[in-house]
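Participant:
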DNA sequence: CGTCATGTTGATTCAATTCAAGTCCTGTGG
DNA sequence: CCACAGGACTTGAATTGAATCAACATGACG
């Protein structure tokens, strides 16, 4: 699948960026107008359908992307088809930066999504000349590292119930930050995606979620929406580090 | 336990840094003389015994450290005592940088170790004024993220044998890079440390290592030294992503 | 309204853990 | 130098949490 893209007119870009919904939560936030113009000039907006690939593990790392809309899943594959889901990205998240010549992970859209796409070379050039941007990226890398470590602890040392409870708690937090219903977790991914994120099987994820519903810790609030009914109990089950 | 430290005379420091064995592989590598002086001025050298703590999860993040000698283990604890080992550090590795006010992980010495210790505040100041250093740290954070993702894949999706084989392969690579015997893995950590790194128990690690020895894939080459006898087979068992 | 994905639930199996002895080092003090 | 104490490591037997195998339910969509 190939994403529809729209080249931005150089003159139009500052206006577009000005109007961009994700601006305030994206890396662009830290750029003054001249640098923003430099970033935007060679940019394109990618529009991705559900399941579509934003970038693929092993492909030449030609672009970096900034998500402006929708939900995206990051994953890594093993030779025999097993898969580890590494994380979920939303509006304002940045991806695709790497020191190697090829991407080290894949990214695909979980919902219809949009992303601002910058050629890697020009981005690297801007980066080298804009310490404020470097600082922003270091800060984001630092955050990613923190959440990777929590994820490692979850995968290495938690039980199935703890994993699912931790996951639901995190997703509820994320939903709140992104401006959704507080006390609700938006789950745009399938059970298989959750299982590959938590190092479990779909069956186990399903069983644990059913058990949490049975004991009224959570409840269904519509398609892909879980209501946290007993946040305290969920927190206790999660054993968050 | 409190580490013995030696305050550096400001006038002495450039000489000491000049003589530092870890200089060429540390972040200091990228600093021109004036900045190096600024970095070194408030620095202290910490000397740590086996088992001693370099920094502790939850403590105020007062310092950043650069390892100049020995092996260090990073870990994170759960409330009930379970532990996830996050990684192993050696000469030239940097630790302790965080956006939060407290450390998010613990670090302890596996061998007698030395580390250059910088006050966080002055390091941050230097960092903000030295884009080249920021660049270096971003590059290191990027590497750490890559290895964290490999570790996630290992914990989420690999069997016990695959985990141990992957680990031994990585440690052998690391040993070679650090200038040890090629084809040999130096293991300064205990079975319990390895188990907590791989998300297994000591018994399982021991059983898998015994099995690998029985089938002559690896052999013992002294205390904490494993010889890789059949690298190809080990690689195949590892299912490296 | 039927089809095919996705999700749930149950029965059974299995890989790794837990429990339980031992053995092997290594450093220490007689 | 040797005995021995205590931790590290290994091995075996029993147990178990999650995976696998197998239906079946649900629900989104043409």
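Chains as they are written, first to last, in the numbering used here: chain X, 1 to 241; chain S, 1001 to 1241. For each residue, glycine too, the CB sits at the ideal point set by N, CA and C.
To the nearest angstrom, report how far apart residue 1095(S) and residue 1071(S) are at their CA atoms.
Facilitator: Position 95 of the second chain, counted from the first residue, corresponds to residue 1095(S). Position 71 of the second chain, counted from the first residue, corresponds to residue 1071(S). Distance between the alpha carbons of residue 1095(S) and residue 1071(S) is about 13 angstroms.
Participant: Interface residues of chain X around residue 1239(S) at Cβ under 9 angstroms?
Facilitator: As a position in the second chain, residue 1239(S) is number 239, starting the count at 1. Correct list: 78, 79, 80 and 82.
Participant: Candidates 1154(S), 1131(S), 1058(S) and 1045(S): which alpha carbon is nearest residue 1113(S)'s?
Facilitator: By one-based count along the second chain, residue 1113(S) stands at place 113. Comparing Cα-Cα distances from residue 1113(S) to each of 1154(S), 1131(S), 1058(S) and 1045(S), the minimum goes to 1045(S).
Participant: Strictly below 9 angstroms CB to CB, what residues from chain S border residue 143(X)?
Facilitator: In the first chain, counting from the first residue as 1, residue 143(X) sits at position 143. Here the neighbours are 1099.
Participant: From residue 142(X) to residue 1107(S), what distance separates their C-alpha atoms?
Facilitator: Against the first chain, residue 142(X) aligns to sequence position 142. Against the second chain, residue 1107(S) aligns to sequence position 107. Between residue 142(X) and residue 1107(S), the C-alpha separation is close to 17 angstroms.
Participant: Would you say residue 1138(S) and residue 134(X) are within 8 angstroms of each other, going by their C-beta atoms?
Facilitator: Within the second chain, the letter at position 138 stands for residue 1138(S). Within the first chain, the letter at position 134 stands for residue 134(X). Contact flag set, yes.
Participant: Taking only runs of the beta strand (DSSP E) that begin and end inside the region 1052-1102 of chain S, which ones reach a length of at least 3 residues, in chain order?
Facilitator: You should have 1053-1055, 1063-1069, 1072-1077 and 1083-1089.
Participant: Since residue 169(X) is in the alpha helix (DSSP H), which residue starts that stretch and which ends it?
Facilitator: Along the first chain, one-based indexing puts residue 169(X) at 169. Where residue 169(X) is concerned, the enclosing alpha helix (DSSP H) stretches over 160-177.
Participant: Along chain S, which residues have their Cβ under 7 angstroms away from the Cβ of residue 104(X)?
Facilitator: Here residue 104(X) refers to the residue found at position 104 when the first chain is read from its first residue. The contacting residues are 1146 and 1149.
Participant: Measuring straight from C-alpha to C-alpha, what distance separates residue 1216(S) and residue 1236(S)?
Facilitator: For the purposes of this step, residue 1216(S) is taken as residue 216 along the second chain, with counting starting at 1. For the purposes of this step, residue 1236(S) is taken as residue 236 along the second chain, with counting starting at 1. Approximately 14 angstroms between the Cα atoms of the pair.
Participant: Can you tell which of 132(X), 180(X), 109(X) and 197(X) has its C-alpha closest to the C-alpha of residue 150(X)?
Facilitator: As a working note, residue 150(X) is residue 150 in the first chain. Residue 150(X) has its Cα closest to that of 197(X), out of 132(X), 180(X), 109(X) and 197(X).
Participant: Confirm, please, whether the CB-CB distance from residue 43(X) to residue 125(X) is below 8 angstroms.
Facilitator: Translated into positions along the first chain, residue 125(X) becomes position 125. Translated into positions along the first chain, residue 43(X) becomes position 43. In this structure, residue 43(X) does not lie closer than 8 angstroms to residue 125(X) by Cβ.
Participant: Using the DSSP secondary-structure output, state which residues sit across from residue 224(X) in a beta bridge.
Facilitator: Along the first chain, read from residue 1 onward, the residue named residue 224(X) stands at position 224. Residue 224(X) is not bridged to any residue.
Participant: So the beta strand (DSSP E) residue 45(X) belongs to, where does it begin and stop?
Facilitator: To locate residue 45(X), count along the first chain from 1; it is residue 45. From DSSP, the beta strand (DSSP E) with residue 45(X) extends over 44-48.
Participant: Candidates 178(X), 160(X), 31(X) and 220(X): which alpha carbon is nearest residue 200(X)'s?
Facilitator: Residue 200(X) sits at position 200 when you count from the first residue of the first chain. It is 160(X).
Participant: Do you know offhand how far residue 244(X)'s Cα is from residue 183(X)'s?
Facilitator: Absent from the structure is residue 244(X), since the part of chain X shown begins at 1 and ends at 241.
Participant: Does residue 116(X) come out as helix, strand or coil in the three-state DSSP assignment?
Facilitator: Mapped onto the first chain, residue 116(X) falls at position 116. Residue state, collapsed to three classes: strand.
Participant: Does the contact criterion of 3 or more C-beta pairs under 8 angstroms hold for the region 168-179 of chain X versus the region 1171-1182 of chain S?
Facilitator: Touching, no, given that fewer than three Cβ pairs across the two stretches are closer than 8 angstroms.
Participant: Which chain X residues sit within Cβ distance under 9 angstroms of residue 1169(S)?
Facilitator: For the purposes of this step, residue 1169(S) is taken as residue 169 along the second chain, with counting starting at 1. What residue 1169(S) touches in chain X: nothing, since even the nearest Cβ is about 15 angstroms away.
Participant: Roughly how many angstroms lie between the CA atoms of residue 10(X) and residue 40(X), to the nearest whole one?
Facilitator: Stepping through the first chain from its first residue, residue 10(X) is reached at position 10. Stepping through the first chain from its first residue, residue 40(X) is reached at position 40. Below a pLDDT of 50, predicted positions are generally treated as unreliable, and residue 10(X), at 47, falls in that range; the measurement from the model is reported next regardless. In a straight line, the C-alpha of residue 10(X) is about 8 angstroms away from that of residue 40(X).
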